[in-house]
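*Asks:* For the sequence shown, our numbering gives the first residue as 89, with consecutive numbering after it. Each residue gets a CB set at the ideal place from its N, CA and C atoms; glycine is no exception. Questions regarding the structure given below will be posed in turn.
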Amino acid sequence: MSASPSPEPGWFRWFSHQVIRLGPMRATAALTVIVWLLAMAISQGVISVTGHGNRAIATLSSSLCSLVLTPLIGSLVLRLVFELERTRQQLAVQAMNDDLTGIFNRRHFMLLVEHEWARCRRYDTGGALLLIDADHFKRINDTHGHLAGDALLREMAATTARSLRQPDLLARFGGEELIVFLPHTDPLGALDVAERIREQVALLQLPWQGQTVGTTVSVGVAPLGPAHVNLEALVHDADMALYQAKAAGRNCVRSAPIQPWRSGEQSTVPSR
């Protein structure tokens, strides 16, 4: 699913970015100088071409109009552009990120991973998907309140993010579940990452109203294999592995079966 093209013309997008970069006041000052220079050039050019007119009066009138009217009108227009561009950027971030944790939301994650998954298969670089679920999270909400649960989920997301590389993708999958895609990762590397995340989250101790709140996570790992002809198949295998981790007593990592590639079907997968 491709993003719809922006209805704004390119020059307006460029202009908006410049206003954001400079800020309303400096943008107004820059616009005033530009208008003054244009007014001077036009008035003096007309006098030169026609041979009529007083250059001093033309200079004075051009300066008065540009230096008085431009800041008044320009400041209003530029402030409006500034607010519109800032709102557009905020909406763009909200469309990509989860409001609670600040990481990617499920929809944007799936769009990004669809591309990464296809590239991993095309170039035989391997990859893996992790599903991470907080154990007994309802008990935390019931005991300490939903605000404590929200704060703990934010810490869990931040801790997970610190365990990942820059190319790895992390998102909130729903409720207390996180999802991770690891490009260019072999099965053992994916298990190492999953175990590291599990260990780091287990160490979390969130101070909350005179108490400490913590949790553990169960992790399902699905290494990319030849049977994963679409992204949904990979998510399904990670979900089944997560179910096995829950059934094994929670606070553990389980992996879907590693699918062997036929000779020549996949090149050597670089480890992490």
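Residue 318 by DSSP, collapsed to three states: which one?
*Replies:* Within the sequence shown, residue 318 is the residue found at index 230, counting from 1. If DSSP states are grouped into helix, strand and coil, residue 318 belongs with coil.
*Asks:* Work out the CA separation of residue 264 and residue 191 for me, nearest whole Å.
*Replies:* In the sequence shown, residue 191 corresponds to position 103, counting from 1. In the sequence shown, residue 264 corresponds to position 176, counting from 1. Each residue's alpha carbon lies about 13 angstroms from the other.
*Asks:* Roughly how many angstroms lie between the CA atoms of residue 236 and residue 250, to the nearest whole one?
*Replies:* Within the sequence shown, residue 236 is the residue found at index 148, counting from 1. Within the sequence shown, residue 250 is the residue found at index 162, counting from 1. So the two alpha carbons sit approximately 21 angstroms from each other.
*Asks:* Mind checking residue 189: buried by the 16 CB within 10 Å criterion, or exposed?
*Replies:* Position 101 of the sequence shown, counting from 1, holds the residue named residue 189. It counts as buried.
*Asks:* Give me the DSSP bridge partner(s) of residue 301.
*Replies:* Walking along the sequence shown from the start, residue 301 turns up at place 213. In DSSP, residue 301 forms a bridge with 294.
*Asks:* Look up residue 220 in the DSSP assignment and give the residues it is bridged to.
*Replies:* Translated into the one-based positions of the sequence shown, residue 220 becomes position 132. The partner list for residue 220 (beta bridge, DSSP) reads 266 and 307.
*Asks:* Just the Cα atoms here: how many angstroms apart are residue 279 and residue 315?
*Replies:* The residue you call residue 279 lines up with position 191 of the sequence shown. The residue you call residue 315 lines up with position 227 of the sequence shown. Going from the Cα of residue 279 to the Cα of residue 315 covers about 20 angstroms.
*Asks:* Cα separation between residue 290 and residue 304?
*Replies:* Mapped onto the sequence shown, residue 290 falls at position 202. Mapped onto the sequence shown, residue 304 falls at position 216. Near 5 angstroms, if we compare the C-alpha coordinates of residue 304 and residue 290.
*Asks:* For residue 203, count neighbouring Cβ atoms within 10 angstroms of its own Cβ and tell me buried if that reaches 16, exposed if not.
*Replies:* Taking the sequence shown and counting its residues from 1, the one referred to as residue 203 is at position 115. That one is exposed.
*Asks:* Using 8 angstroms as the threshold, is the segment 212-227 in touch with the segment 308-322, meaning 3 or more CB pairs across them?
*Replies:* The answer is yes - the segment 308-322 touches the segment 212-227, with three or more Cβ pairs under 8 angstroms.
*Asks:* Give me, in chain order, the residues of the same chain whose beta-carbon lies closer than 6 angstroms to that of residue 92; leave out the 5 immediate sequence neighbours on both sides.
*Replies:* As a position in the sequence shown, residue 92 is number 4, starting the count at 1. Here residue 92 scores only 41 on pLDDT, less than 50, and its place in the model should not be relied on; the value that follows carries that caveat. Here the set comprises nothing.
*Asks:* For residue 145, count neighbouring Cβ atoms within 10 angstroms of its own Cβ and tell me buried if that reaches 16, exposed if not.
*Replies:* Here the question's residue 145 lines up with position 57 in the sequence shown. It counts as exposed.
*Asks:* Just to confirm, is the Cβ distance from residue 306 to residue 230 under 8 angstroms?
*Replies:* Counting from 1 along the sequence shown, the entry for residue 306 is found at position 218. Counting from 1 along the sequence shown, the entry for residue 230 is found at position 142. No. Outside cutoff.
*Asks:* Would you give the residue range spanned by the alpha helix (DSSP H) that residue 209 belongs to?
*Replies:* Reading the sequence shown from its first residue, position 121 is the one you call residue 209. Residue 209 -> alpha helix (DSSP H) spans 194-210.
*Asks:* To which residues of the same chain is residue 355 closer than 6 angstroms at the C-beta, ignoring the five residues directly before and after it?
*Replies:* Here residue 355 is taken as the residue at index 267 of the sequence shown, counted from 1. In this predicted model, residue 355 has a pLDDT of only 40, less than 50, meaning its place in the structure is not dependable enough to derive any value.
*Asks:* Closest to residue 336 by CA distance: which of 292, 228 and 223 is it?
*Replies:* Counting from one through the sequence shown, the residue named residue 336 turns up at place 248. The shortest C-alpha separation from residue 336 is found at 223.
*Asks:* Smallest Cα separation from residue 147: which of 127, 313 and 323?
*Replies:* Locating residue 147 in the sequence shown gives position 59, counting from the first residue. The shortest Cα separation from residue 147 among 127, 313 and 323 belongs to 127.
*Asks:* May I ask you to report which of helix, strand or coil DSSP gives residue 344?
*Replies:* For the purposes of this step, residue 344 is taken as the residue at position 256 of the sequence shown. Correct three-state label for residue 344: coil.
*Asks:* Over the uninterrupted alpha helix (DSSP H) stretch that includes residue 231, give me the two end residues.
*Replies:* Residue 231 sits at position 143 when you count from the first residue of the sequence shown. Residues 225-232.
*Asks:* Determine the DSSP secondary structure at residue 46, reduced to helix, strand or coil.
*Replies:* There is no way to answer for residue 46, as the model of the chain reaches only from 89 to 360.
*Asks:* Can you grab the Cα-Cα spacing for the pair residue 90 / residue 232, in whole Å?
*Replies:* As a first step, residue 90 must be located in the sequence shown, where it is residue number 2. As a first step, residue 232 must be located in the sequence shown, where it is residue number 144. Low confidence applies to residue 90: its pLDDT is 37, below 50, so where it sits in the model is not reliable enough to give any reading.
*Asks:* Between residue 379 and residue 341, which are expected to be in contact by the criterion C-beta below 8 angstroms, what is the C-beta distance as a whole number of angstroms?
*Replies:* There is no way to answer for residue 379, as the model of the chain reaches only from 89 to 360.
*Asks:* Which residue wins for smallest C-alpha separation from residue 260, given the options 245, 343, 331 and 347?
*Replies:* Against the sequence shown, residue 260 aligns to sequence position 172. The shortest Cα separation from residue 260 among 245, 343, 331 and 347 belongs to 245.
*Asks:* Give me the residue from 329, 269 and 225 with the minimum Cα distance to residue 198.
*Replies:* Counting from one through the sequence shown, the residue named residue 198 turns up at place 110. Closest option to residue 198, Cα to Cα, is 269.
*Asks:* Give me the Cα-Cα distance between residue 83 and residue 170, rounded to the nearest whole angstrom.
*Replies:* Outside the shown range of the chain (89 to 360) lies residue 83, about which nothing can therefore be said.
*Asks:* Just to confirm, is the Cβ distance from residue 79 to residue 344 under 8 angstroms?
*Replies:* Here the chain has residues from 89 to 360 only, and residue 79 is not among them.
*Asks:* Just verifying my parser: in three-state terms, what is the DSSP assignment at residue 215?
*Replies:* Here the question's residue 215 lines up with position 127 in the sequence shown. The answer is strand: DSSP assigns residue 215 an E or B state.
*Asks:* Beta-carbon separation of residue 243 and residue 200 under 8 angstroms?
*Replies:* For the purposes of this step, residue 243 is identified with residue 155 of the sequence shown, where counting begins at 1. For the purposes of this step, residue 200 is identified with residue 112 of the sequence shown, where counting begins at 1. Cβ atoms of residue 243 and residue 200: not closer than 8 angstroms.
*Asks:* Whose C-beta lies closer than 8 angstroms to the C-beta of residue 339 among residues of the same chain, with five residues either side of it excluded?
*Replies:* Your numbering for residue 339 matches position 251 in the sequence shown. Excluding residues within five positions, the ones whose Cβ falls inside 8 angstroms are 223, 286, 290, 304, 305 and 306.
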